[in-house]
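Here's the structure we're looking at; comments come further down.
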Amino acid sequence: MEKVSALGLDVGKRRVGVAGCDGLGLIATGLTTIVRSSFVADVEQLKQLVQQREAKILVVGLPYCMNGDIGSQARQVQNYATRIGKALQLPIEYVDERLTSYQAEEELKAQKRFSTRNKGLIDRQAAAIILQQWLDMRRSNS
1 MEKVSALGLD VGKRRVGVAG CDGLGLIATG LTTIVRSSFV ADVEQLKQLV QQREAKILVV
61 GLPYCMNGDI GSQARQVQNY ATRIGKALQL PIEYVDERLT SYQAEEELKA QKRFSTRNKG
121 LIDRQAAAII LQQWLDMRRS NS
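Each residue of the sequence shown is one higher than the last, beginning at 1 in UniProt numbering.
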């Protein structure tokens, strides 16, 4: 079976939730949250994760509007992701991330790990959901 090495990103204005997957591409797990300070600093932190995990692709959650349109927030995410992909020389794939933050909060509540003060944990969990959706789609298409 082909090794899968992908990073999932939940891109926000203040933070980027990051998730990784096991080598078989079955399970996504939240790894860390990058607090955005500058583009260069973001790239450096992501570069370290890419090297550690030997990532070959970035899977980015795209926040479509509820009616399915691409709004201003989604365009900002696309712009940021394109720049990150070029800087890291990695391809980008997008996944519809509507309601992933809500889903992440619900999962954390069920695990008794939810806190409104820990936004980074929510971002990591949302990134894991985004990456898991991509892994599941990839498996069902093969």
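Glycine included, C-beta positions come from ideal geometry on N, C-alpha and C.
Start and end of the beta strand (DSSP E) containing residue i?
i: Glu93; result: Ile92 to Asp96
i: Arg15; result: Arg15 to Cys21
i: Ala28; result: Ala28 to Val35
i: Ala6; result: Ala6 to Val11
i: Val25; result: The sequence as given places Gly at residue 25; Val does not occur at that position. Counting along the chain, Gly25 falls outside any beta strand (DSSP E), and DSSP gives it neither H nor E.
So is residue i buried or exposed if we call it buried at 16+ other beta carbons inside 10 Å?
i: Ile130; result: buried
i: Glu106; result: exposed
i: Leu58; result: buried
i: Val35; result: exposed
i: Val50; result: buried
i: Val95; result: buried
Look at the alpha carbon of residue i and the alpha carbon of residue j, and state the distance between them as a whole number of angstroms.
i: Ile84; j: Gly68; result: 24 Å
Got a sec, what are the start and stop residues for the alpha helix (DSSP H) residue i sits in?
i: Ile70; result: Note, Ile70: premise wrong, no alpha helix (DSSP H); not H, not E.
Please confirm whether residue i and residue j have their CB atoms less than 9 Å apart.
i: Arg53; j: Leu7; result: yes
i: Ala81; j: Val11; result: yes
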